[in-house]
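Participant:
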Amino acid sequence: MSQKKKETVCGESRTPSLNINLGEKYRDLPIFIYKTIDSTNLRAKLYAKEHPGERAVFIAEEQTMGRGRLGRSFDSKAGLGLYLSILLEGGTCASDAIGITTYMGTVAKDAIEEEAPLDVKIKWVNDLFVGGRKLGGILTEGGIDPETGKLLYSVTGIGINILDREFPEELRDIATSIEGECGKKVDTGAIASNIITKFLDSLHLVGTREIVDKYRRASFIIGKAVRVIKGTSTYPAYVDGIDDSCRLILTLDDGTREILSTGEVSIRPVNLN
Ligand code: BTN
């Protein structure tokens, strides 16, 4: 059944590619679809403050201030990608922000692979990769009650490059799209519907061994030489694995072991000499 009853279309007409269909089970879930918005994560956070304890979904055809981790921007051109945020009420799984990000990674991998013949990999901690280039990213944000320190809500945003395009010079070697990789157009609405349904259907798995194992199998940095990026400093390391809390287990060049729970790594090119 179509989602039309509860769906709110904001802005001008939407493209047919954003036909969201979640079936009967989620017919009461508010879904807001915007033609253009600053950021679906920002919009979801505003909504959370006005509607405590509610779930909702926010999708945009274009974001003017798409945001990534570590204060970066996320290229969100009109109609070329999926820009989606899911708002969850506070509670056990909402308080596990890293767990939700890794969970969303595995959900998105499955959802994309059902729609396109791709092998989607996950680069710790929040990036989706295909063929060594970035296909998308995940940004989980939360609102904290200053008195109790508990998470009031979580917003998990995901951006996926769907259609092929000429990437800007600086992204050409590091970014890709679903269409660019498999050579066929995929339905953005179908991918969005698949991600939302899978995400909501199995929330009880957030933080479980099952997800961590799946996340490890999808990781393509285990066993690789990387550079750890911390603020303005970087240093080389080798990735031994990912622990049960989804932290990166590293060995540094001097043999010391480091466990990284946040931050970023980049793959070190293989020295061919
Ligand atoms: C990253 O690459 O570091 C994460 C990118 C997350 C982008 C998505 S797009 C939908 C949602 N709204 C945002 O502003 N960001 C997330």
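Residues in the sequence shown are numbered consecutively from 79, following the working numbering. Backbone N, C-alpha and C fix where the C-beta goes; we use that ideal spot for every residue, glycine too. Computed from a predicted structure; not experimentally measured.
1. Can you give me the C-alpha to C-alpha distance between ARG250 and ALA175, rounded to a whole angstrom?
2. For ARG145, does the count of other Cβ atoms within 10 angstroms reach 16, so buried, or fall short, so exposed?
3. Between the alpha carbons of PRO130 and ILE164, how many angstroms are there, rounded?
4. Should ARG121 be labelled buried (16 or more other beta-carbon atoms within 10 Å of its own) or exposed?
5. Which residues bound the alpha helix (DSSP H) around VAL411?
6. Would you be able to state if there are at least three C-beta pairs under 8 Å between the region 145 to 163 and the region 211 to 219?
7. What residue does the beta strand (DSSP E) around ARG335 start on, and which one ends it?
8. If you draw a straight line from the C-alpha of THR334 to the C-alpha of ARG325, how long is it?
9. In terms of DSSP beta bridges, what is VAL198 paired with?
10. Given a threshold of 16 other Cβ atoms within 10 Å of its Cβ, counted over all protein chains shown, does LEU330 qualify as buried or as exposed?
11. For ILE274, collect the residues of the same chain with a Cβ closer than 7 Å to its Cβ; drop the 5 residues on either side in sequence, then sort them by chain order.
12. Below 8 Å, is the gap between the Cβ of TYR125 and the nearest heavy atom of ligand 1?
13. In chain order, what residues of the same chain have a beta carbon less than 7 Å from the beta carbon of VAL304, not counting five sequence neighbours either side?
14. For ASN272, which residues in the same chain have their Cβ closer than 7 Å to its Cβ, ignoring the five residues on either side in sequence?
Facilitator: Walking through what the data contain:
1. Counting from 1 along the sequence shown, the entry for residue 250 is found at position 172. Counting from 1 along the sequence shown, the entry for residue 175 is found at position 97. In a straight line, the C-alpha of ARG250 is about 31 Å away from that of ALA175.
2. Locating residue 145 in the sequence shown gives position 67, counting from the first residue. Buried.
3. Here residue 130 refers to the residue found at position 52 when the sequence shown is read from its first residue. Here residue 164 refers to the residue found at position 86 when the sequence shown is read from its first residue. The straight-line gap from Cα to Cα measures roughly 14 Å.
4. Along the sequence shown, one-based indexing puts residue 121 at 43. So ARG121 ends up on the buried side.
5. Any question about residue 411 goes unanswered here, given that the chain covers just 79 to 351.
6. yes
7. What you label residue 335 is simply residue 257 of the sequence shown in a count that begins at 1. ARG335 -> beta strand (DSSP E) spans 335 to 338.
8. Walking along the sequence shown from the start, residue 334 turns up at place 256. Walking along the sequence shown from the start, residue 325 turns up at place 247. Approximately 16 Å between the Cα atoms of the pair.
9. To locate residue 198, count along the sequence shown from 1; it is residue 120. According to DSSP, which records beta bridges pairwise, VAL198 is partnered with nothing at all.
10. Walking along the sequence shown from the start, residue 330 turns up at place 252. Flag for LEU330 reads exposed.
11. Here residue 274 is taken as the residue at index 196 of the sequence shown, counted from 1. The answer, listed in chain order, is LEU100, VAL135, ILE164.
12. Here residue 125 refers to the residue found at position 47 when the sequence shown is read from its first residue. Not under cutoff, so the answer is no.
13. For the purposes of this step, residue 304 is taken as the residue at position 226 of the sequence shown. Within the same chain, VAL304 has close Cβ partners ALA315, VAL317, VAL343, SER344, ILE345, ARG346.
14. Start at 1 with the first residue of the sequence shown, and residue 272 comes out as number 194. For ASN272, where only same-chain residues beyond five positions count, the Cβ hits under 7 Å are ALA189, GLU192, GLU193.
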